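Protein chains: 2
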Amino acid sequence: MTPDGKAPARTPMPAEHALLGLLALTPEAQPGHGYDLARRFAGGQPLGDVLRLEPGMLYHHLKKLERAGWVAAATEPQPARPARRTFRLTASGRAELTRWLGEPVTHTREIRLEFLVKLYFVRALIPERLPHLLAGQRDVLSGHADSLMDQIATLTEPEADAAAIADVAYQRLVLELRLAQTRAAIAWLDRATSSAPIDDPDA
Amino acid sequence: MTPDGKAPARTPMPAEHALLGLLALTPEAQPGHGYDLARRFAGGQPLGDVLRLEPGMLYHHLKKLERAGWVAAATEPQPARPARRTFRLTASGRAELTRWLGEPVTHTREIRLEFLVKLYFVRALIPERLPHLLAGQRDVLSGHADSLMDQIATLTEPEADAAAIADVAYQRLVLELRLAQTRAAIAWLDRATSSAPIDDPDA
DNA sequence: GGGATCATGTAACAGGTTACATGATTCA
DNA sequence: TGAATCATGTAACCTGTTACATGATCCC
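This is how it looks when you write it as structure tokens:
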């Protein structure tokens, strides 16, 4: 946030947004506490298979979310049990979650983790916006694929020494791998789109 | 290395092995120094496009490699320039590099970085072992693909409440994405294999 | 009595990013 | 004169992993 435009590199933070999403899923009457949220990130659980979150990091993230004003904590003493700290989403936390859920991820490598987390919560919280998320992500990946094809097309055989020729051949392999992975993700998005529940009235 | 078999989680460390590889590429007469090695990891360079390494981390890794006994350093004073610390591979460093270059990566997500680094150095240093690396990696990924297909096949529609049904549908999407990405990598390996220079005598 | 579960964390460590420190010399 | 290059690093900070600390109660 320096005046000359150097933003402090807002990292995606999928884990913290996943916590916001879980709190948005829990009913207002019984807000979540750490131990409870941790169970959702264990193996076998749908979210836990995508994003593993150990207790240490989970409590750390909850503290950061509290400092950011996105969640509010309340200490709830229990008879014959250690006291719970329960968390609920604040208005600004809900706004941040909604913003994050509407944004596609920028890199192909983020599809496997961050995009899958978005997908989970868009399906559960705002299924009517699922087509928008899928289409937006498809657009981003299509742009990547075009750029990769450009880069492959402009790779020039140098005809020079053997080392330079080998380097260009290697760069082509690198670009072809990225293109193949990007295209696989696009094809998957298309299949997910056609199998998504359509809430559009004129369907 | 504890006696009960709990190995200390030998992380892949692609950056450090890339440094070993670069030192293996430099002629014995003029061993590399940090600043020189750093240029190979800048943007536009074939390696730098796969693995970015800032000077800070580079010198840090060189120190670790020295402590491990994989490289040996010598200080070389220069007239009218800051002194250089030049590094050369030790015998154990070369053995470690060879071991690492022969091993496929275990996870699909490591293809994009670690496997590409291995590929670079196998092509440059021991091209006759390239078919072995490609075939070994293909085997690993095929095993993953089989396992993913099994998992998809054993996903059971619960017929229970809507939430459980949505969870299973989500888990299917997750597995299908992983399968698509793994298959794309396998197809790419197959193309790389058929276009690789064959040193086999009966070709 | 002993382990599992509930519930919250801390500590140590590994890896990575960005920025800065230092101090000479060559080039525009 | 001032910037870029050569050459080496340090410092601060963030993310993430593993292990451990604490202390109660429930269940066998």
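Sequence lines, in order, name chains C and P. So for the first sequence, my numbering puts the first residue at 1; every next one is plus one. So for the second sequence, my numbering puts the first residue at 204; every next one is plus one. Built from N, CA and C at the ideal position, the CB exists for glycine as well. Just so it is clear, the structure is predicted and the values come from calculations on it, not from any experiment.
*asked:* With a threshold of 6 Å on Cβ separation, who are the neighbours of C/Gly93 within its own chain once the five nearest residues in sequence on each side are excluded?
replied: Leu20, Trp70 and Val71
_Cross-strand partners of P/Gln384 (DSSP beta bridge)_ = The partner list for P/Gln384 (beta bridge, DSSP) is empty, contrary to what the question assumes.
*Exposed or buried, which one is P/Ile314 when buried takes at least 16 other CB atoms within 10 Å?*
buried
*To which residues of the same chain is P/Pro217 closer than 7 Å at the C-beta, ignoring the five residues directly before and after it?*
Leu254, Leu316, Glu317 and Val320
*Closest Cβ-Cβ distance between C/Trp188 and chain P: below 8 Å?*
yes
*Can you name the residues of chain C whose CB is closer than 9 Å to the CB of P/Glu379?*
Trp188, Arg191 and Ala192
*asked:* For P/Pro285, report the span of its beta strand (DSSP E) as first-last.
replied: Arg284 to Leu292
*Same chain only: Cβ atoms within 8 Å of C/Asp4, ignoring 5 sequence neighbours per side*: For C/Asp4, the pLDDT reaches just 29, beneath the cut-off of 50, and the residue's location in the model is therefore unreliable, leaving the point undetermined.
*Do the region 23 to 32 of chain C and the region 87 to 101 of chain C meet, that is, are 3 or more Cβ pairs less than 8 Å apart?*
yes
_Proximity to P/Ser397 [Cα-Cα], best of P/Ala338, P/Ala383 and P/Gln384_ = P/Ala338
*Specify the secondary structure class of P/Ala363 as computed by DSSP and reduced to three states.*
coil
*List, in order along the chain, the chain P residues whose C-beta lies closer than 7 Å to that of C/Pro46?*
Asp370, Tyr373 and Gln374
*Contact with chain C by P/Val343, beta-carbon distance below 8 Å*: For P/Val343, the answer is no, since every Cβ of chain C falls outside 8 Å of its Cβ.
_For P/Ala298 and C/Ala83, what's the separation of their Cα atoms in angstroms?_
55 Å
*Exposed or buried, which one is C/Leu155 when buried takes at least 16 other CB atoms within 10 Å?*
exposed
_Range covered by the beta strand (DSSP E) that runs through C/Ala72_ = Val71 to Gln78
*Would you mind working out which of C/Glu176, C/Leu175, C/Leu179 and C/Ala74 sits nearest C/Gln30, comparing C-alpha positions?*
C/Ala74
*asked:* The alpha helix (DSSP H) that contains C/Pro14, what's its start and end?
replied: Pro14 to Leu25
*Please name the residue or residues paired with P/Gly235 in a DSSP beta bridge.*
P/Phe290
*Using only alpha-carbon positions, find the residue among P/Arg270, P/Leu322 and P/Pro230 that is nearest to P/Ala221.*
Taking only the C-alpha atoms, the option nearest P/Ala221 is P/Leu322.
*First through last residue of the alpha helix (DSSP H) which encompasses C/Gly136*: Leu130 to Ala153
*What does P/Ala275 touch in chain C if you count any residue whose Cβ is under 7 Å from its own?*
The contacting residues do not exist; P/Ala275 stays about 26 Å from chain C at best.
*P/Ala387 versus C/Gln181: straight-line alpha-carbon distance, rounded*: Spanning the alpha carbons of P/Ala387 and C/Gln181 requires a straight line of approximately 6 Å.
*Please check if any C-beta of chain P sits within less than 8 Å of the C-beta of C/Gln30.*
no
*Contacts of P/Asp252 in chain C (Cβ-Cβ under 8 Å)*: Gln171 and Val174
*So, P/Pro249 versus C/Gln171, is the Cβ gap smaller than 8 Å?*
Cβ atoms of P/Pro249 and C/Gln171: closer than 8 Å.
*Select from P/Leu378, P/Val371 and P/Glu306 the residue whose C-alpha is nearest the C-alpha of P/Glu360.*
Here the closest residue by C-alpha is P/Val371.
*Kindly list, in the order they appear in chain P, the residues whose Cβ is closer than 8 Å to that of C/Ala184.*
Ala383, Gln384, Arg386 and Ala387
*Alpha carbon to alpha carbon, how far is C/Ala192 from C/Asp36?*
Cα to Cα, the separation comes out at about 30 Å.
*asked:* Check for me: the alpha helix (DSSP H) holding C/Arg123 runs from which residue to which?
replied: Leu116 to Leu125
*Residues of the region 121 to 153 of chain C whose Cβ lies closer than 8 Å to any Cβ of chain P, in chain order*: Arg123 and Ala124
_Whole-angstrom C-beta distance between C/Leu97 and C/Ala196, which should lie under 8 Å_ = In fact, because the Cβ distance is near 21 Å, the residues do not count as touching under 8 Å.
*C/Arg10 (DSSP reduced to helix, strand or coil)*: Here the model assigns C/Arg10 a pLDDT of 49, short of 50, so the residue's position is not dependable, and the following value carries that caveat. Three-state result, C/Arg10: coil.
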